[in-house]
Amino acid sequence: MAQATSMTNTPTGPKGGEIFGHPKGLFVLFFTEMWERFSYYGMRALLVLYMVKYLFIQPDVGARVLGFNALKGFLEAVFHTHYDAQPLSSQIYGLYTGFVYFTPFFGGLLADRVLGQRKTVIVGAILMAIGHFLMASEQMFFVALMFLIFGNGCFKPNISTQVGLLYPPGDQRRDRAFLIFYVGINLGAFLAPLVCGTLGQDPRFGWHWGFGAAGVGMVLGLLVYLWGQKYLASDVLAQRQAEQLKAKMPAKKEPLTREEWFRVGALVVACAIVAAFWAVYEQQGNTMQLWADTNTRWTFGGWTMPSTWFQSFNPFMIFLFTPILTSLWGWQAARGKEPSSLTKMAMGLFLLGISYVVMIIAAAPMASGAMSPDAKRSLMWLVGATGIATFGELFLSPIGLSLVTKVAPARIVSMMMGVWFLANFIGNYMAGYLGTFWEKISHQQFFMLMTAIGVIAGLILFIMNRPLDKIVSAHDRQEA
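Using the working numbering, you'd call the opening residue of the sequence shown number 83 and step up by one each time.
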């Protein structure tokens with residue numbers, strides 16, 4: 083077991099020294115992920131609006147979009163309801179973003195057992211680039227989504243795992259490395275709506291220009307990754323095979339130890355609770371985008387800002403708030419008072435739930451200065467809610483990624499990263515399902531529901547924090 087852990091966490095093969103105290107490979111992965119997230123969030127910024135305002139309101143949509151009638155009929159049969167454009171779009175948004183995070187479990191298995199992290203990332207990037215460019219064809223809409231789902235499954239768990247591979251066991255830089263990596267994610271997410279959203283909503287260009295720009299971003303990410311291979315650590319699979327060849331021993335399966343099973347169990351429980359976070363958080367691309375488009379004033383001095391720019395607020399705030407939190411945690415660590423990883427994640431759930439209290443107030447008729455619930459509101463309501471939600475995200479998402487690479491048994495680290503993304507799958511699907519209630523209940527009631535989900539999930543994680551934290555802390559001490 084000790085040997086396996088060493089192979090997973092010790093950099094083997096990267097060259098070129100360090101930048102700002104971190105291996106150069108971190109910045110290769112930073113820019114690769116930045117462009118991949120540019121492509122994903124560029125497409126996500128347009129997806130619901132594209133379906134609600136264009137694709138699904140065409141009179142001949144069944145003939146224009148391959149598989150539309152079959153999928154709509156299946157969903158209506160399962161849920162025993164008729165779907166108009168908005169609830170159908172929310173369901174498809176949830177299915178798409180959900181399966182984007184379901185397939186990484188299998189992408190992790192593929193990397194751990196067959197291809198290794200590097201080859202699997204390259205396969206995923208190629209599949210996603212094809213998917214983005216297929217979005218230019220209305221007929222191939224669902225086929226494009228399938229390419230994106232399978233491509234992301236190969237790409238996502240293995241790019242994140244490679245960040246952890248750059249650092250040896252007990253290296254205190256790892257948490258900070260994931261925060262730096264997370265800035266790359268959000269740099270791509272910040273730029274995407276400004277470029278893809280603007281092109282897609284501009285009548286001079288149109289939806290397909292926005293989707294095409296996302297495809298260009300994915301190609302750039304692939305080129306960066308191919309160029310920077312020499313700065314990355316060797317794959318876990320390659321290291322294991324090299325060790326076996328050196329020892330002239332045949333490959334053998336090592337069963338997980340009792341202690342490793344405890345660690346796996348702790349991660350699975352934490353991931354299951356975290357699914358509630360994504361169910362609420364992913365409303366940003368779903369119902370919150372509809373609120374931004376329909377219920378928010380975007381005209382300033384005669385100029386109208388594209389409503390998709392709303393989705394740049396969160397990543398921009400990531401840049402602002404990350405130094406604040408890293409300084410706070412450093413100050414707490416110096417005094418022995420830094421919260422554990424699981425406590426931070428519980429706080430993240432609370433903050434996300436509380437952010438929707440702002441939207442409950444915003445949805446009140448008096449918030450618009452008029453008595454109509456459909457009147458336009460100030461942009462500042464969205465800014466305030468997004469600010470609180472962003473703090474919640476920083477307490478949960480990068481900390482969870484780091485936790486998986488620290489606690490997961492070495493020989494199944496990519497698979498366990500896939501388990502982390504399974505929580506995203508459940509949460510993203512639930513985000514779509516919850517979005518079907520957007521037009522069935524008042525917006526105030528909808529935001530109350532989001533608040534309740536976030537706060538209750540945070541309470542559950544706080545209650546379970548002590549037994550889970552004992553398992554995680556015992557491993558941290560052993561690794562150090």
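Think of the CB as a built atom: it goes at the ideal place given N, C-alpha and C, for glycine as much as any other residue.
Since the model is a prediction, treat every value here as computed from it, not as a measurement.
Sub-8 Å separation of residue i and residue j beta-carbons
i	j	result
Ile442	Met530	yes
Val346	Met498	yes
Arg256	Gly246	yes
Met133	His214	no
Gly517	Glu475	no
Thr369	Leu464	no
Met125	Ala296	yes
Met399	Phe477	no
Leu108	Phe263	yes
Ala358	Gly536	yes
Tyr123	Pro275	yes
Gly303	Glu118	yes
Assigned secondary structure, residue i (DSSP; H/G/I helix, E/B strand, else coil)
i	result
His290	helix
Thr185	coil
Thr179	helix
Ala562	Only weak support is given to the placement of Ala562: the predicted model assigns it a pLDDT of 49, under 50, and the question is left unresolved by the model.
Thr518	coil
Arg379	coil
Boundaries of the alpha helix (DSSP H) in which residue i is found, first to last residue
i	result
Cys278	No alpha helix (DSSP H) contains Cys278, which DSSP labels as neither H nor E.
Ala354	340–363
Gln366	Unbroken run through Gln366: none, as it is neither H nor E.
Asn567	An answer regarding residue 567 cannot be provided, because it is not within the stretch 83 to 562 covered by the chain.
Leu314	It is not in any alpha helix (DSSP H) - Leu314 carries neither H nor E in the DSSP assignment.
Asn396	395–416
Ile494	No alpha helix (DSSP H) contains Ile494, which DSSP labels as neither H nor E.
Phe432	423–444
Arg200	199–216
Rounded straight-line distance, which links the Cα of residue j to that of residue i
i	j	result
Met222	Arg258	41 Å
Thr92	Asp194	Note that Thr92 scores a pLDDT of 45, beneath 50, so its modelled location is shaky; the value from the coordinates is reported in the next line. If I take the Cα positions, the gap works out to 16 Å.
Glu364	Ala457	24 Å
Met546	Ala505	17 Å
Ile481	Val356	12 Å
Ile101	Val147	48 Å
Pro405	Asn151	49 Å
Gly383	Ser172	33 Å
Val306	Gly180	27 Å
Ser437	Ser394	17 Å
Trp309	Gly233	20 Å
Val362	Val501	19 Å
Leu434	Asn510	15 Å
Ile267	His525	30 Å
Ala145	Ile231	24 Å
Thr533	Val439	7 Å
Lys106	Gly206	23 Å
Val110	Trp291	28 Å
Ser423	Leu543	11 Å
Gly540	Leu349	16 Å
Gly294	Phe473	32 Å
Leu372	Pro169	12 Å
Minimum Cβ-Cβ distance from residue i to chain B less than 8 Å
i	result
Gly206	Protein chain content of the structure displayed is limited to a single chain, and chain B is not contained in it.
- Query: Which ranges does the alpha helix (DSSP H) cover as unbroken runs of at least 4 residues, wholly within the segment 92–168, from first to last along the chain?
  - Reply: 106–135, 143–146, 150–161
Continuous beta strand (DSSP E) assignments of at least 3 residues falling wholly in the segment 522–551
none
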